[in-house]
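Peer 1:
Residue numbers (this note's numbering), protein chains in the order written: chain A, 2 to 252; chain B, 194 to 905; chain C, 129 to 650.
This is how it looks when you write it as structure tokens:
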């Protein structure tokens with residue numbers, strides 16, 4: 002067993018500097034498209050390219066609805082005028098107007114337990130959540146822990162568009178959690194159904210079933226985005242500007 | 194004060210019961226058992242108390258010249274056993290009102306009632322006998338009545354077989370015990386116990402060993418000791434529900450009474466070997482008993498195996514007493530005997546409680562199979578509460594009585610350091626470990642019983658529709674549960690009472706060892722050495738003085754001047770502490786620090802759509818690890834088959850059958866039966882039916898006898 | 129056996145018509161009476177492997193049973209037609225056990241009855257939650273219509289097979305563990321070991337095949353990529369392959385080589401993730417951390433090289449959507465080599481950790497005969513002695529030009545599966561090396577004009593052989609999209625490994641099998 006101890010010590014510290022400092026390592030985020038101003042013809046062409054209807058026109062510019070963007074890259078590849086691309090990761094927002102009760106209170110700031118429910122995701126979002134336990138992100142140092150039972154959980158993290166068969170299980174999990182509890186919808190599927198829903202067997206996101214407190218778009222959101230969302234949920238980070246507010250209100 | 198009027202009253206009540214049951218109509222029989230049995234029980238208790246409190250009293254009944262005089266004697270030891278019997282007879286008689294209902298539907302309960310009272314009288318006679326003749330006669334009457342009562346529901350094949358096996362082995366045991374007593378009588382020259390007591394000193398070593406072995410295993414049959422307890426599980430399972438509590442609570446004690454009477458009173462051992470044998474046999478019984486109890490699902494069989502376990506623990510304690518007595522450590526011997534008898538008393542109480550409860554469950558839920566019960570706590574809450582008391586007692590958890598006697602038993606075994614020989618110390622160490630293992634397995638077993646039977650969801654329709662037990666079942670259970678709690682919380686009052694029975698046997702007082710007078714002003718306080726008194730103060734022993742002037746509430750063991758306090762504990766103080774902690778937790782939980790709402794949520798089941806009873810653990814599943822670990826002992830044969838498999842890949846059923854033969858049946862009964870049959874086949878050679886040969890046999894036997902008579 | 133021999137044998141069968149289908153496929157049309165016998169012969173005697181069953185609803189029911197051999201034997205489809213009003217066909221599950229779940233799925237989704245199949249129903253559409261008589265894959269059923277949500281049926285009972293004293297069902301899931309995918313397991317047991325394990329899957333059924341119908345190629349590609357995103361590139365590749373075969377497009381050389389490069393990168397990342405799962409399940413925390421460091425490094429390499437950590441939006445019919453720079457590829461390759469060196473060190477340490485080896489050695493056996501009968505694919509089949517790897521058997525893209533030897537082990541236990549994972553990881557880097565050396569400048573895509581037709585894309589995904597059947601209609605839209613993911617095939621054999629082992633071994637065996645629920649449920 003000592004060989005493992007030595008190995009672990011020899012590996013050193015690999016943890017990201019986030020949230021103390023921004024992490025700019027290559028490949029740490031897939032980034033996402035940002036809207037911009039384009040001439041009308043190209044604008045129309047770009048908007049038509051998006052297979053999920055995430056691009057809309059607003060005030061003469063192309064706006065991106067992140068609840069629908071699934072990283073299909075059709076707006077960025079094999080087009081004459083590709084959309085600009087950002088490489089940030091702090092994407093989480095609190096749903097609706099900035100409501101102070103959306104985040105958990107002070108006692109949970111340094112110790113929150115999370116239960117993850119897979120409501121039909123493709124595997125990528127769940128995989129990114131799994132990466133939070135790796136030495137690179139190490140969510141334990143920020144006081145986040147995973148628990149398999151909802152009885153001990155403060156935060157319900159949902160991935161997937163909520164398939165029909167998982168509706169009851171998800172609702173039961175939510176009801177089995179003691180208050181105070183918060184719901185985190187992670188991934189584009191959890192916000193709008195992604196490419197799968199709404200359909201005869203899949204929903205249009207978690208908001209149809211449960212009250213969502215923090216939403217993270219992305220397909221999948223990189224681990225740093227999920228970490229940001231968790232910090233937002235416990236009030237230790239600022240949510241992104243309400244990029245979803247107009248879209249959410251319009252829908 | 195003479196106790197004989199009480200004895201006469203007891204006999205009158207029994208006779209009255211017999212007459213009334215025989216003459217009055219059928220439907221009154223169950224009520225008669227209660228009406229006459231309850232006073233009989235109270236009389237038993239009264240006689241026992243009188244015997245414990247006073248000096249021994251003797252009365253001569255008859256003088257039969259060839260057999261000596263038939264006498265009865267009430268001494269503290271007999272008084273103790275009478276008291277225990279009374280504490281069992283009282284609730285069992287009350288229970289008969291509902292316990293006999295199912296029996297009365299198919300059979301005539303009058304016969305049962307008649308034999309019941311006759312049995313009570315026989316038990317009283319056994320305990321009061323002062324000579325070998327009346328002892329053996331009453332023992333035989335008791336055996337026969339027990340057999341008849343066990344086989345009362347005789348239309349069932351299994352009942353008849355089990356009772357017959359019991360009868361056979363009982364008779365063999367009685368024969369052995371009789372031989373032992375007669376050996377003693379031969380050396381003493383008379384059948385009187387008092388003469389045997391006096392001449393015990395002149396017994397040769399070989400004869401003494403023979404007496405010990407014969408009486409130990411002979412009486413051990415009734416007591417349920419390995420290897421002669423092969424009959425016990427089947428007989429207890431088949432006996433009528435109203436009778437089994439008496440079997441487990443009273444007749445089991447008679448076997449132990451026989452052992453104690455002969456080997457501690459009449460012919461105490463001089464070497465440690467018999468005692469060590471008793472310790473080993475006791476531990477083995479305990480282990481075998483609890484292993485089979487843990488893996489059994491029928492409630493009655495489970496409790497039967499558990500009776501074997503407890504008998505083993507008692508025997509181990511008594512064996513330790515024999516060892517200490519032979520090794521000239523009277524204080525420790527007194528402690529060991531007291532511990533054995535305390536466990537006997539406790540066992541009688543909680544085993545009766547459990548058996549009555551199981552009878553109630555059998556009536557209410559129509560099944561005794563743990564795999565078919567579940568959730569009874571909602572349908573039968575009072576039964577469940579009383580059973581909980583019984584389960585906590587038998588699992589030896591404070592503040593109930595089982596804890597005190599198990600704890601003291603283990604403490605006694607730890608005193609093996611004071612034994613002279615290394616061999617004895619090793620045996621004690623190993624057996625002490627075995628008893629500790631037994632205690633752990635007992636917790637498993639009874640958690641299984643209570644959890645699978647009473648908690649969770651009902652597994653079948655019968656369990657879901659169970660009816661609460663009637664008052665005639667609940668009242669005796671409540672009484673016994675209260676006694677269990679009382680004996681667990683106030684051991685310092687029980688020990689001086691038991692000491693009166695133990696002191697004459699061990700020639701030393703156990704009270705002095707366990708409950709010394711540590712309050713200033715108590716008699717004997719001044720003679721205690723100063724460091725000992727100092728330790729009292731450190732332990733806060735003075736606290737109880739103002740609350741309860743009396744023996745105090747702390748159990749201690751005085752190890753002599755070198756080691757003043759070997760161990761100390763107070764179940765009496767433990768009870769208010771436990772209650773206080775519970776109350777504190779409750780208060781803190783209810784204390785409204787902030788506005789709190791109580792929400793009722795679903796049971797978390799992983800989000801499945803329905804949590805069905807077939808998705809909950811069964812009793813078999815719960816005890817499977819034990820079954821697997823001790824596989825070498827159980828030696829199960831597992832046959833797995835996939836019948837009706839369509840085209841080799843689609844299985845429609847996987848059938849797995851597990852069968853196992855009881856360890857003792859394999860090791861004892863089968864070889865014994867095989868030997869007997871082989872002998873019989875050998876002897877059958879001379880049964881060829883020729884008249885001339887038989888005449889020749891008679892002539893030959895006559896010649897041999899003449900020669901022998903001439904020679905001797 | 130080569131093609132001509134098979135053709136002769138097939139022609140000799142009664143009630144069988146031999147045809148030459150598109151793209152060199154041999155089609156055998158037969159009647160219902162001869163179906164089971166013919167399929168049994170194809171699978172058992174002629175040595176073909178079963179890929180899947182495709183049901184299409186047109187003027188009549190068309191059931192297409194897909195069989196494949198090596199390059200000499202090629203593809204063989206057994207086709208059966210049945211009238212639309214009479215949806216009854218014979219079952220071949222008795223002779224080709226690998227078809228068992230395909231028939232059950234077709235019964236649930238299409239309403240076909242497979243006569244002779246002993247256990248239909250309660251498969252994709254759970255009996256206790258789904259209305260009777262709903263067949264979502266039928267043409268008349270609209271994919272967009274939301275069905276009224278059903279209350280769970282209170283009279284439903286699980287089917288129990290074990291008859292033993294005290295047996296009960298240990299239910300696990302669908303929400304269990306901290307990061308496990310949602311699936312329900314019914315483990316029948318008497319308390320220590322699992323006598324029978326029945327997985328109740330399709331809690332994550334999203335109806336991908338239905339959603340693709342009537343959609344454009346772009347949308348189909350999106351669905352192909354997203355339904356099992358941890359192996360997104362492989363599935364997108366299979367879809368693209370099918371479309372390229374329909375439209376007769378030839379992928380340029382550079383794209384072929386880059387596809388190999390990226391596929392092996394994905395495979396390496398997936399395998400180290402599987403190894404991390406095994407270490408995690410045995411609670412060897414330091415090893416799991418080491419493996420997850422390597423996995424995150426590979427994810428970052430993927431993100432830096434292609435822009436997306438899971439290689440989304442790269443594969444497309446005709447090649448790749450964007451070119452990758454040679455220097456970027458060289459960097460990625462260098463990182464992969466160092467990751468492999470670390471993996472080898474990890475391997476050496478794991479082999480010497482007895483507490484770890486005790487948990488995975490001699491647990492979770494899958495015998496070779498069982499693996500063959502159930503048609504298992506991927507690393508778990510190669511760990512049970514079945515040397516079947518599509519990259520060697522039916523090479524695609526640049527695999528035909530690269531030196532490659534499939535990993536093979538015989539024991540079939542957890543340790544063998546882990547050895548296969550490590551061996552294949554070494555192969556990944558070797559293939560990446562060879563691919564990089566073979567990289568020539570050139571275009572990375574050709575335009576593809578959609579036209580009517582049907583073809584099968586077959587790709588060795590990290591978990592095993594993945595088959596995507598695409599049928600395009602005259603307008604170039606998707607008429608039928610059938611996916612046979614490797615997890616679907618392998619979940620069928622899951623019970624083989626888990627039964628007769630103790631509860632405590634269950635999560636470990638599950639982690640060595642590395643099955644994906646999202647991939648199976650589609």
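For each residue, glycine too, the CB sits at the ideal point set by N, CA and C.
CB-CB under 7 Å to residue 76 of chain A, same chain, minus the five flanking residues each way: which ones, in chain order?
Peer 2: Residue numbering aside, residue 76 of chain A sits at position 75 when the first chain is read from its first letter. 34, 47, 50, 51, 56, 83, 84.
Peer 1: Within this structure, are the beta carbons of residue 800 of chain B and residue 303 of chain C separated by less than 8 Å?
Peer 2: As a working note, residue 800 of chain B is residue 607 in the second chain. As a working note, residue 303 of chain C is residue 175 in the third chain. Result yes, Cβ atoms of residue 800 of chain B and residue 303 of chain C sit closer than 8 Å.
Peer 1: Compare the C-alpha of residue 230 of chain A against each of A/200, A/167, A/211, A/140 and name the closest.
Peer 2: Counted from its first residue, the first chain places residue 230 of chain A at position 229. Out of A/200, A/167, A/211, A/140, A/140 has the C-alpha closest to the C-alpha of residue 230 of chain A.
Peer 1: I'd like the list of long-range same chain contacts for residue 314 of chain B, defined as Cβ closer than 7 Å, with 5 residues on each side in sequence excluded.
Peer 2: Start at 1 with the first residue of the second chain, and residue 314 of chain B comes out as number 121. Hits under 7 Å: 204, 207.
Peer 1: Can you check whether the CB of residue 534 of chain C is closer than 8 Å to the CB of residue 517 of chain C?
Peer 2: Locating residue 517 of chain C in the third chain gives position 389, counting from the first residue. Locating residue 534 of chain C in the third chain gives position 406, counting from the first residue. Closer than 8 Å, so yes.
Peer 1: Is the beta carbon of residue 351 of chain C sitting closer than 8 Å to the one on residue 196 of chain A?
Peer 2: Taking the third chain and counting its residues from 1, the one referred to as residue 351 of chain C is at position 223. Taking the first chain and counting its residues from 1, the one referred to as residue 196 of chain A is at position 195. Yes, these two residues count as a Cβ contact at 8 Å.
Peer 1: Confirm the yes/no value for this check: CB of residue 196 of chain A, any heavy atom of the ligand PLP, distance under 7 Å.
Peer 2: This structure lacks the ligand PLP, and indeed carries no ligand of any kind.
Peer 1: Since residue 289 of chain C meets chain B, which of its residues come closer than 8 Å, beta carbon to beta carbon?
Peer 2: Position 161 of the third chain, counted from the start, is the residue given in the question as residue 289 of chain C. Under the 8 Å cutoff, chain B gives 844, 845, 846, 847.
Peer 1: Hey, which unbroken runs of the alpha helix (DSSP H) at 4 residues or more fall wholly within the region 358-391 of chain C?
Peer 2: With a minimum length of 4 residues, the continuous alpha helix (DSSP H) runs that stay inside the region 358-391 of chain C are 360-375.
Peer 1: Can you say whether residue 122 of chain A is buried or exposed, counting buried as having 16 or more other CB atoms within 10 angstroms of its CB?
Peer 2: Residue mapping note: residue 122 of chain A aligns to position 121 of the first chain, counting from 1. Flag for residue 122 of chain A reads buried.
Peer 1: Straight-line CA distance for residue 545 of chain C to residue 635 of chain C?
Peer 2: Position 417 of the third chain, counted from the first residue, corresponds to residue 545 of chain C. Position 507 of the third chain, counted from the first residue, corresponds to residue 635 of chain C. If I take the Cα positions, the gap works out to 15 Å.
Peer 1: May I ask which residues mark the beginning and end of the beta strand (DSSP E) holding residue 538 of chain C?
Peer 2: Start at 1 with the first residue of the third chain, and residue 538 of chain C comes out as number 410. First-last for residue 538 of chain C: undefined, no H or E at that position.
Peer 1: Throw me the rounded Cβ distance for the residue 385 of chain B and residue 324 of chain B pair, which I believe falls under 8 Å.
Peer 2: Taking the second chain and counting its residues from 1, the one referred to as residue 385 of chain B is at position 192. Taking the second chain and counting its residues from 1, the one referred to as residue 324 of chain B is at position 131. Indeed they touch by this definition, with Cβ atoms about 5 Å apart.
Peer 1: Give me the residue from C/169, C/181, C/199 with the minimum Cα distance to residue 228 of chain C.
Peer 2: For the purposes of this step, residue 228 of chain C is taken as residue 100 along the third chain, with counting starting at 1. Taking only the C-alpha atoms, the option nearest residue 228 of chain C is C/181.
Peer 1: Run through DSSP, which three-state label would residue 251 of chain A get?
Peer 2: Counting from one through the first chain, the residue named residue 251 of chain A turns up at place 250. In this prediction, residue 251 of chain A scores a pLDDT of 38, lower than 50, which makes its location untrustworthy; the coordinate-derived value is nonetheless stated afterwards. Of the three classes helix, strand and coil, the one that applies to residue 251 of chain A here is helix, per DSSP.
Peer 1: Roughly how many whole angstroms lie between the Cα atoms of residue 232 of chain C and residue 248 of chain C?
Peer 2: Your numbering for residue 232 of chain C matches position 104 in the third chain. Your numbering for residue 248 of chain C matches position 120 in the third chain. Their Cα atoms are separated by approximately 6 Å.
Peer 1: Taking C-alpha atoms, which residue in B/289, B/861, B/265, B/270 lies nearest to residue 548 of chain B?
Peer 2: Translated into the one-based positions of the second chain, residue 548 of chain B becomes position 355. When only C-alpha atoms are compared, the closest one is B/289.
Peer 1: Any contact of the region 686-693 of chain B with the region 576-584 of chain B, i.e. 3+ C-beta pairs under 8 Å?
Peer 2: With a cut-off of 8 Å, the region 576-584 of chain B and the region 686-693 of chain B do not count as touching, because too few Cβ pairs lie within range.
Peer 1: May I ask you to report which of helix, strand or coil DSSP gives residue 395 of chain B?
Peer 2: As a position in the second chain, residue 395 of chain B is number 202, starting the count at 1. Residue state, collapsed to three classes: helix.
Peer 1: Please determine if the region 487-500 of chain B and the region 659-666 of chain B are in contact, where contact requires at least 3 C-beta pairs separated by less than 8 Å.
Peer 2: With a cut-off of 8 Å, the region 659-666 of chain B and the region 487-500 of chain B do not count as touching, because too few Cβ pairs lie within range.
Peer 1: Report the option in B/250, B/233, B/327 whose CA atom is closest to the CA atom of residue 287 of chain B.
Peer 2: Along the second chain, read from residue 1 onward, the residue named residue 287 of chain B stands at position 94. The shortest C-alpha separation from residue 287 of chain B is found at B/233.
Peer 1: In whole angstroms, what is the alpha-carbon distance linking residue 850 of chain B and residue 177 of chain C?
Peer 2: Position 657 of the second chain holds residue 850 of chain B. Position 49 of the third chain holds residue 177 of chain C. C-alpha separation (whole angstroms): 38 Å.
Peer 1: With C-beta atoms as the reference, is residue 334 of chain C less than 8 Å away from residue 202 of chain A?
Peer 2: Reading the third chain from its first residue, position 206 is the one you call residue 334 of chain C. Reading the first chain from its first residue, position 201 is the one you call residue 202 of chain A. Yes; because the gap between Cβ atoms is below 8 Å, this pair is in contact.
Peer 1: Should residue 214 of chain A go down as buried or exposed, given a rule of 16 or more other Cβ atoms within 10 Å for buried?
Peer 2: If you number the first chain from 1, residue 214 of chain A lands on position 213. Label assigned to residue 214 of chain A: buried.
Peer 1: Along the chain, which unbroken stretches of the beta strand (DSSP E) at least 3 residues long are found entirely within the region 171-248 of chain A?
Peer 2: If we require 3 residues or more, the beta strand (DSSP E) runs fully inside the region 171-248 of chain A come out as 183-187, 215-217.
Peer 1: Do you know offhand how far residue 186 of chain C's Cα is from residue 239 of chain A's?
Peer 2: Along the third chain, read from residue 1 onward, the residue named residue 186 of chain C stands at position 58. Along the first chain, read from residue 1 onward, the residue named residue 239 of chain A stands at position 238. Approximately 56 Å between the Cα atoms of the pair.
Peer 1: Closer than 9 Å between beta carbons: that is the criterion. Which residues of the region 313-340 of chain C meet it against chain A?
Peer 2: Of all residues in the region 313-340 of chain C, 330, 331, 332, 333, 334, 335, 336, 338, 339 have a Cβ within less than 9 Å of some Cβ in chain A.
Peer 1: Check the Cβ of residue 51 of chain A against every Cβ in chain C and list those closer than 9 Å, keeping chain order.
Peer 2: Here residue 51 of chain A is taken as the residue at index 50 of the first chain, counted from 1. Per Cβ cutoff of 9 Å: no residues; residue 51 of chain A is ~10 Å from chain C at best.
Peer 1: Buried or exposed: residue 613 of chain C, going by 16 or more other Cβ atoms within 10 Å of its Cβ?
Peer 2: For this step, residue 613 of chain C is matched to residue 485 along the third chain. The residue in question, residue 613 of chain C, is buried, as its Cβ has 16 or more Cβ neighbours within 10 Å.
Peer 1: Is there at least one Cβ from chain C nearer than 8 Å to residue 793 of chain B's Cβ?
Peer 2: Position 600 of the second chain holds residue 793 of chain B. So no, residue 793 of chain B is outside the interface.
Peer 1: Between the C-alpha atoms of residue 471 of chain B and residue 502 of chain B, what's the straight-line distance to the nearest angstrom?
Peer 2: As a first step, residue 471 of chain B is located in the second chain; it is residue number 278 there, counting from the start. As a first step, residue 502 of chain B is located in the second chain; it is residue number 309 there, counting from the start. Looking at the two C-alpha atoms, the distance is approximately 14 Å.
Peer 1: Anything in chain C within Cβ reach of residue 815 of chain B, meaning under 8 Å, just list it in chain order.
Peer 2: Position 622 of the second chain holds residue 815 of chain B. The contacting residues are 319.
Peer 1: Does residue 484 of chain B come within less than 8 Å of chain C when only Cβ atoms are used?
Peer 2: In the second chain, counting from the first residue as 1, residue 484 of chain B sits at position 291. No, its Cβ sits nowhere closer than 8 Å to a Cβ of chain C.
Peer 1: Under the three-state reduction of DSSP, which class applies to residue 513 of chain C: helix, strand or coil?
Peer 2: Translated into positions along the third chain, residue 513 of chain C becomes position 385. Coil.
Peer 1: By a C-beta neighbour count over all protein chains shown, 10 Å radius and 16 as the cutoff for buried, is residue 535 of chain B buried or exposed?
Peer 2: Indexing the second chain from 1 puts residue 535 of chain B at position 342. It is buried - the Cβ of residue 535 of chain B has at least 16 other Cβ atoms within 10 Å.
Peer 1: Just list the residues that DSSP pairs residue 611 of chain C with in beta bridges.
Peer 2: Reading the third chain from its first residue, position 483 is the one you call residue 611 of chain C. Partner(s): C/596.
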